[in-house]
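Encoded as structure tokens, the structure appears first; notes follow it.
Number of protein chains: 2
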Amino acid sequence: MNKESKIPAPSIERLAYYSRPLEALLDSETPVISSEKLARLCGVNPAQVRKDLAYFGEFGVRGVGYDVRDLLVEIKKILATDRDWTLCIVGMGNLGSAIAENENFKKRGYKFVAAFDSDPTKIGRTLPCGLIIEPTSRIRESVRDLKIEIGVITTRPHEAQRFADLLMDSGVKAILNFAPVQIRTLECCKIENVDFAVKLEHLAYHIAKIL
Amino acid sequence: MNKESKIPAPSIERLAYYSRPLEALLDSETPVISSEKLARLCGVNPAQVRKDLAYFGEFGVRGVGYDVRDLLVEIKKILATDRDWTLCIVGMGNLGSAIAENENFKKRGYKFVAAFDSDPTKIGRTLPCGLIIEPTSRIRESVRDLKIEIGVITTRPHEAQRFADLLMDSGVKAILNFAPVQIRTLECCKIENVDFAVKLEHLAYHIAKIL
DNA sequence: GCGATATTGTGAAATATTGCACATAGTTGA
DNA sequence: TCAACTATGTGCAATATTTCACAATATCGC
Chain A
8 MNKESKIPAP SIERLAYYSR PLEALLDSET PVISSEKLAR LCGVNPAQVR
58 KDLAYFGEFG VRGVGYDVRD LLVEIKKILA TDRDWTLCIV GMGNLGSAIA
108 ENENFKKRGY KFVAAFDSDP TKIGRTLPCG LIIEPTSRIR ESVRDLKIEI
158 GVITTRPHEA QRFADLLMDS GVKAILNFAP VQIRTLECCK IENVDFAVKL
208 EHLAYHIAKI L
Chain B
8 MNKESKIPAP SIERLAYYSR PLEALLDSET PVISSEKLAR LCGVNPAQVR
58 KDLAYFGEFG VRGVGYDVRD LLVEIKKILA TDRDWTLCIV GMGNLGSAIA
108 ENENFKKRGY KFVAAFDSDP TKIGRTLPCG LIIEPTSRIR ESVRDLKIEI
158 GVITTRPHEA QRFADLLMDS GVKAILNFAP VQIRTLECCK IENVDFAVKL
208 EHLAYHIAKI L
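These protein sequence lines map, in sequence, to chains A and B. Per my numbering, the first sequence starts with residue 8, numbered consecutively. Per my numbering, the second sequence starts with residue 8, numbered consecutively.
Following this line, the structure appears as structure tokens:
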């Protein structure tokens with residue numbers, strides 16, 4: 008267990024959140040920002056910003072703040088988003104298509120190089136981004152040949168684990184799962200589950216309390 | 008500060024996660040489940056399951072476990088998903104459309120009753136689910152007339168705060184934001200931000216470390 | 001060069017969350 | 001009825017995360 012593995016997961020997620028306003032600040036040519044202002048933009052405590060950054064180095068200047076451009080470069084270096092990543096997506100329903108086309112992903116260097124579906128009527132269809140939907144039987148081959156590093160799952164829940172296993176076994180190093188099931192992975196494959204109905208349920212809980 | 012406000016936010020989110028396998032167990036006619044099995048299905052600690060549930064009551068039977076059907080009913084009651092919710096969506100790009108059509112949402116009683124976009128070329132278009140895209144100038148009126156309780160934002164980031172303010176001011180009680188900016192709200196309006204590029208960045212961080 | 005001011009980096013305190021371990025209570029079979 | 005077994009509910013300890021508070025260090029104006 009090395010030093011880096013002790014960095015709290017919330018800190019790592021916040022780094023990504025910090026980068027959003029930094030990009031906007033860079034566009035608006037603001038050269039420097041304080042932890043206090045960045046914190047306000049992200050809705051967190053200023054000490055938190057400083058501590059999160061301090062896990063990785065000393066990026067600020069005392070009495071001045073952080074150079075916007077430098078800080079953004081450093082954060083991207085930390086999160087390994089200073090390079091492109093090769094992804095594929097399994098499950099080309101509405102959500103899958105939307106994600107494959109998503110500007111936000113493209114802008115950050117996440118390149119979808121293959122799209123799969125098990126529905127024969129969808130096979131061969133060309134997406135606006137140029138990808139052609141392939142049968143899921145081609146997953147193993149494509150992951151190997153195109154050196155796909157991350158798999159995204161947007162299938163129905165009952166198929167999700169099966170495709171996760173297949174992706175893992177084919178060699179992807181990480182999986183982003185949008186199906187509303189908890190996917191289990193081996194040690195060698197990192198998983199993140201995203202279930203946005205959970206967020207709605209959290210909201211419902213809170214507003215029902217007030218009513 | 009009442010008793011309920013001391014319940015940890017992670018516990019509330021986990022309740023939603025617990026409900027996923029419970030639904031499947033109900034379909035497969037498994038009558039009873041132990042905290043240990045449910046925990047394994049959700050990738051958490053059994054004591055955590057028991058403690059989360061204990062915040063809201065005693066739902067289990069010692070020596071036996073939890074009745075699947077009853078527990079699901081209780082969780083739905085707690086999360087206020089035992090009723091329908093009325094939502095609208097602002098920003099009818101790929102992601103907005105996918106969310107409006109999403110089966111997972113529909114199944115859980117989240118009803119989209121209005122869809123808005125500021126792009127004139129999209130206005131009047133009918134979605135597969137039957138909704139007609141309206142101009143954003145109609146947001147205030149629709150929220151009031153249709154008693155919309157939750158607003159979903161899937162616009163570009165630079166417009167997101169403006170529409171959030173408008174939704175809030177029109178009377179929605181909660182906002183689910185998919186734009187990659189941190190939306191600020193008043194006390195009266197609960198917000199959840201979902202930025203899935205953040206999840207990818209988290210994955211990238213971890214797999215880059217191994218390489 | 002120096003005092004006034006600003007803002008970082010960080011140890012230590014405060015708070016929040018998780019997990020252990022066991023008393024408690026229900027079930028089953030003889 | 002009772003012993004053996006099972007699995008919950010929960011006080012408390014362990015761990016994780018956040019926030020405070022301040023020393024350290026940079027800039028600016030004179």
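We put the CB at the ideal spot given by N, CA and C, even for glycine. Keep in mind it's a predicted model, so treat the numbers as computed, not measured.
Contact under 8 Å by Cβ, residue i with residue j
{"i": "A:G72", "j": "A:S41", "result": "yes"}
{"i": "A:Y24", "j": "B:L207", "result": "no"}
{"i": "B:R21", "j": "B:D77", "result": "no"}
{"i": "A:A121", "j": "A:L153", "result": "yes"}
{"i": "A:I85", "j": "A:T161", "result": "no"}
{"i": "B:D124", "j": "B:T143", "result": "yes"}
{"i": "A:L138", "j": "A:L79", "result": "no"}
{"i": "B:A87", "j": "A:A215", "result": "yes"}
Rounded separation between residue i and residue j - CA only
{"i": "A:V159", "j": "A:A167", "result": "10 Å"}
{"i": "B:R151", "j": "B:L173", "result": "12 Å"}
{"i": "A:D126", "j": "A:A171", "result": "17 Å"}
{"i": "B:K10", "j": "B:L32", "result": "Unreliable placement is indicated for B:K10, whose pLDDT of 40 sits below 50; the coordinate value is still reported in the next sentence. If I take the Cα positions, the gap works out to 31 Å."}
{"i": "B:A16", "j": "B:Q55", "result": "13 Å"}
{"i": "A:S104", "j": "A:R69", "result": "46 Å"}
{"i": "B:M8", "j": "B:I14", "result": "Unreliable positioning characterises B:M8 in this predicted model, as indicated by a pLDDT of 34, which lies under 50. A coordinate reading is not provided."}
{"i": "A:N184", "j": "A:I198", "result": "7 Å"}
{"i": "A:G67", "j": "A:E43", "result": "12 Å"}
{"i": "A:I19", "j": "A:V188", "result": "24 Å"}
{"i": "B:L91", "j": "B:R115", "result": "Note on residue identity: the sequence assigns Asp, not Leu, to residue 91 of chain B. One C-alpha to the other measures close to 8 Å."}
{"i": "A:R57", "j": "B:P38", "result": "51 Å"}
{"i": "B:A61", "j": "B:P53", "result": "12 Å"}
{"i": "A:I217", "j": "B:E81", "result": "19 Å"}
{"i": "A:N111", "j": "B:E36", "result": "42 Å"}
{"i": "A:L102", "j": "A:P135", "result": "14 Å"}
{"i": "B:I130", "j": "B:G98", "result": "11 Å"}
{"i": "B:V201", "j": "B:T128", "result": "27 Å"}
Spatially closest choice to residue i from the options, by CA coordinates
{"i": "A:I190", "options": "B:K13, B:T37, B:V51, B:D34", "result": "B:V51"}
{"i": "B:A204", "options": "A:I106, A:P15, A:R169, A:R69", "result": "A:I106"}
{"i": "A:D34", "options": "B:K154, B:C196, B:H165", "result": "B:H165"}
{"i": "B:V179", "options": "B:V188, B:E156, B:A186, B:G137", "result": "B:E156"}
{"i": "B:R27", "options": "B:G67, B:E43, B:R57, B:K83", "result": "B:K83"}
{"i": "B:E148", "options": "B:T133, B:R132, B:D176, B:L134", "result": "B:D176"}
{"i": "A:G100", "options": "A:C196, A:E36, A:V80, A:R132", "result": "A:R132"}
{"i": "A:D89", "options": "A:K113, A:V97, A:G98, A:H213", "result": "A:K113"}
{"i": "A:V75", "options": "A:F119, A:K216, A:L45", "result": "A:L45"}
{"i": "B:N109", "options": "A:R163, A:V80, A:N109", "result": "A:R163"}
{"i": "B:H213", "options": "A:L210, A:C195, A:L29, A:A215", "result": "A:C195"}
{"i": "A:L210", "options": "B:P38, B:G98, B:I182", "result": "B:I182"}
{"i": "B:I146", "options": "B:L134, B:C49, B:N111, B:R169", "result": "B:R169"}
{"i": "A:T192", "options": "B:L48, B:K129, B:I139", "result": "B:L48"}
Below-8 Å beta-carbon distance, residue i vs any chain B residue
{"i": "A:F123", "result": "no"}
{"i": "A:C95", "result": "no"}
{"i": "A:F112", "result": "yes"}
{"i": "A:P187", "result": "yes"}
{"i": "A:R115", "result": "yes"}
{"i": "A:V56", "result": "no"}
{"i": "A:E194", "result": "no"}
{"i": "A:M8", "result": "Residue placement at A:M8 is flagged as unreliable, the pLDDT there being 33, under the threshold of 50; a coordinate-derived value is accordingly withheld."}
{"i": "A:T37", "result": "no"}
Cutoff 8 Å: residue i Cβ touching any chain A Cβ
{"i": "B:A46", "result": "no"}
{"i": "B:R191", "result": "yes"}
{"i": "B:G50", "result": "yes"}
{"i": "B:E11", "result": "Confidence is the limiting factor: at B:E11 the pLDDT is only 46, short of 50, which leaves the residue's position unreliable, though a coordinate-based value still follows. For B:E11, the answer is yes, since a Cβ of chain A falls inside 8 Å of its Cβ."}
Name, going along the chain, the residues of the region 63 to 88 of chain A whose beta-carbon falls closer than 8 Å to a beta-carbon of chain B. I85, L86, A87, T88
With 7 Å as the limit, tell me which residues of the region 97 to 108 of chain B have their beta carbon closer than that to any beta carbon of chain A; keep them in chain order. N101, L102, S104, A105, E108
Note down, in chain order, all residues in the region 13 to 32 of chain A with a beta-carbon under 7 Å from any beta-carbon belonging to chain B. I19, E20, A23, Y24, R27
Beta carbons nearer than 8 Å to chain A: which residues of the region 122 to 148 of chain B have them? none
Please identify, using Cβ separations under 8 Å, the residues of the region 149 to 160 of chain A that lie next to chain B, in order along the chain. E156, I157
Below 7 Å between beta carbons is the criterion; list the residues of the region 194 to 216 of chain A that meet it against any residue of chain B, in chain order. K197, E199, V201, F203, A204, V205, K206, L207, E208, H209, L210, A211, Y212, H213, I214, A215, K216
In chain order, what residues of the region 163 to 182 of chain B put their CB closer than 7 Å to some CB of chain A? K180, A181
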